[in-house]
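**Q** Right, I'll just put the structure down here and ask away after.
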Amino acid sequence: MRGRATAIVGGLLAGSTFALAGGGVAGAATGIFMFHHRPGDTQVFNKPVDDQCYDVGLADGAASNGTDRSAKLYGGPGCRGKAVTVMAPGESSQSVEFQSVKFTR
């Protein structure tokens, strides 16, 4: 009986260790997202993390989503409310205004 209990506890510990290791790893996009605060001021996110909100101040101008994720652009900080636009992977815009962005699969 003692051997069986040890095996069960060992199995539970191994399973919980696996769950913790696998569950905490965040995905990241491949590629870059570029945008402008004003003409001549280009900002770049390289391999942005999935589902993380990035506050950018006031971005106003061209933007290019060179990632393999959708970029949800929000009119205010904190990625709150409804996205003002969603840029598909590979999509560009010559004129977009936003204050925060989140990348999703």
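Residue 0 is where the sequence shown starts when you use numbering that gives the first Met the number 0, and the numbers rise one by one after that. From the three backbone atoms N, C-alpha and C, an ideal C-beta is built for every residue, glycine too.
Measuring straight from C-alpha to C-alpha, what distance separates alanine 58 and alanine 70?
**A** 14 Å
**Q** Among the residues of its own chain, which have a CB less than 6 Å from the CB of asparagine 45, if the five just before and after it don't count?
**A** Ile31
**Q** Where threonine 84 and tyrosine 53 are concerned, what is the direct C-alpha to C-alpha distance, given to the nearest angstrom?
**A** 15 Å
**Q** Should glutamine 51 go down as buried or exposed, given a rule of 16 or more other Cβ atoms within 10 Å for buried?
**A** exposed
**Q** Beta-carbon separation of methionine 86 and serine 92 under 8 Å?
**A** Yes, the pair counts as a contact, with Cβ atoms nearer than the cut-off.
**Q** Straight-line CA distance for glycine 120 to tyrosine 73?
**A** No answer is possible for residue 120: it lies beyond the span of the chain, which begins at 0 and ends at 104.
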